[in-house]
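So the sequence shown is numbered by the numbering used here: it starts at 10 and just counts up by one. All residues carry an ideal CB built from backbone N, CA and C; glycine is no exception. Keep in mind that this is a model prediction, so the values were computed, not measured.
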Amino acid sequence: MITEYHRPQTLEEALKLLSAPNTRPLGGGTGLTHPSDESFAVVDLQALSLDRVHKFGKHLEIGAIVTLQSLLESAHSPTALKTAIELEAPLNLRTMGTVAGALVTCDGRSPFAVVMLALDAQLTVDDEQSIVYGLGDLLPIRHELLKGKLITKIEIPLQTKLSFETVARSPADKPIVCTALAQWPSGRTRLVIGGWGKVPTLAMDGNEASGVEAAARNAAHDAADQWASAEYRSAVAAVLAKRCLAIIES
Ligand SMILES: Cc1cc2nc3c(=O)[nH]c(=O)nc-3n(C[C@H](O)[C@H](O)[C@H](O)COP(=O)(O)OP(=O)(O)OC[C@H]3O[C@@H](n4cnc5c(N)ncnc54)[C@H](O)[C@@H]3O)c2cc1C
Numbered sequence: 010m011i012t013e014y015h016r017p018q019t020l021e022e023a024l025k026l027l028s029a030p031n032t033r034p035l036g037g038g039t040g041l042t043h044p045s046d047e048s049f050a051v052v053d054l055q056a057l058s059l060d061r062v063h064k065f066g067k068h069l070e071i072g073a074i075v076t077l078q079s080l081l082e083s084a085h086s087p088t089a090l091k092t093a094i095e096l097e098a099p100l101n102l103r104t105m106g107t108v109a110g111a112l113v114t115c116d117g118r119s120p121f122a123v124v125m126l127a128l129d130a131q132l133t134v135d136d137e138q139s140i141v142y143g144l145g146d147l148l149p150i151r152h153e154l155l156k157g158k159l160i161t162k163i164e165i166p167l168q169t170k171l172s173f174e175t176v177a178r179s180p181a182d183k184p185i186v187c188t189a190l191a192q193w194p195s196g197r198t199r200l201v202i203g204g205w206g207k208v209p210t211l212a213m214d215g216n217e218a219s220g221v222e223a224a225a226r227n228a229a230h231d232a233a234d235q236w237a238s239a240e241y242r243s244a245v246a247a248v249l250a251k252r253c254l255a256i257i258e259s
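This is how it looks when you write it as C-alpha cells:
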C-alpha cells in the first residue's frame, strides 16, 4: 500500500527521497498499485524530464519513464522491437507502463526484455554516482542493486539487424518460446531465448552467426514448466533461431 507520495522536480531531490527506507520509484504505477501488504512511499518521476526518445549517432537513448506505447510509436524503434512491445502488454497498460518499470518487473516471458537483452541494452543507474550496466548484468540482481537508486535512461544500438520470432497459444498471448537475434556490422551476433523462468536466457554472444540453432537448442535444455516441456522448447527454439537468422540474412 502506498502511504506517501512525492513528486520531486530535480534528479537530486528524487535521489535524496529514494535514500529513505521503504521508498520506491514510481514509473507508470501499473505494478506498484497492485494490492500489497507492504507499506511504502513512492517517488513519482514524471517531472524529471526522463520521458524522451532521442537518436544520437548510431544509438537510441530512451528516458526511463518513456512509456512502452511511446517507444512503440517512435519512428526510430526497430520493427522487431515494436513487435515485442505489442506482445508485452495490451494498449491500456502500454500507455502507462514505462520502459524502466517493465524491465524491473519483467520475467523470462517478457518479449520486451528478450529483445532489449539481444540488443545488449545499457542502463544508466544513478545514486551519488552514475553507473552504466548491461541489461544482462543487471537483471539477475536488479531488486537488491536498485534499492535507493534510479534507472534514468536506457541506450540501444541502431546499426544492428534485429529479428524476433515467437510461438504462443494465441497470437496475442505471452510466448511459450521466443527468440531475438541481433547482429552488428562487425559480425557480433547475440541470440536471446525467452518464454520461461525469471529472466530471458542469453544463448549466444559471438563474432558470427554460425551455430545459432545449436545454441538455441542448448539454452532451452532444462526449460520445463507448466506451459511446456524442455524437449518441446529446445526443438522450437532451434526452429525460431533459424527463422531469425533467415530474416536477418534476407
Ligand atoms: C492488469 C495488469 C496486468 C499485468 N500483467 C503483467 C504481466 O503479465 N507481466 C508483467 O511483467 N507485468 C504485468 N503487469 C505489471 C506492469 O504492467 C508491468 O510490469 C509494467 O510494465 C510496469 O511498468 P510501470 O512503469 O507501470 O512500473 P511501476 O509500477 O511504476 O514500477 C514497477 C517497479 O519498477 C520500479 N521502477 C519503476 N521505474 C523505475 C526506475 N526508473 N528506476 C528504478 N526502478 C523503477 C518500481 O519502483 C517498482 O518496483 C500487469 C499490470 C496490470 C495492472
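Could you have a look at residue i and say whether DSSP puts it in helix, strand or coil?
i	result
L77	helix
I256	helix
A127	helix
G40	coil
D146	helix
G110	helix
E97	helix
T32	strand
K64	strand
T12	strand
A224	helix
P50	Inspection of the sequence shows that residue 50 is occupied by Ala rather than by Pro. Note: A50 maps to strand in three-state DSSP.
E70	strand
L132	strand
Residue i and residue j: beta carbons closer than 8 angstroms?
i	j	result
V62	I71	yes
K91	L81	yes
C187	P87	no
L249	V201	no
A212	I165	no
L147	L132	yes
D214	R199	yes
P180	R118	no
I278	V134	This structure leaves residue 278 out entirely; the chain is present only between 10 and 259.
R242	G204	yes
G106	L77	yes
R16	D60	no
A223	D231	no
A98	V124	no
L112	A122	yes
A57	A23	Note that residue 57 is Leu in the sequence shown here, rather than Ala. Contact: yes.
A189	A89	yes
E174	R226	no
S139	I257	no
How would you label residue i, buried or exposed, when you count the other beta carbons within 10 angstroms and need 16 or more for buried?
i	result
D46	exposed
S259	exposed
Q18	exposed
Q168	exposed
G37	buried
A109	buried
F65	exposed
V221	buried
A84	exposed
P209	buried
A247	buried
V51	buried
E217	exposed
S195	exposed
V141	exposed
Q192	buried
S219	exposed
P4	For the chain, the structure presents residues 10 to 259; residue 4 sits outside this window and is missing.
P34	buried
R103	buried
S48	exposed
| Complete runs of the beta strand (DSSP E) confined to the region 134-213 [at least 3 residues] | 139-143, 159-166, 170-176, 186-192, 198-203
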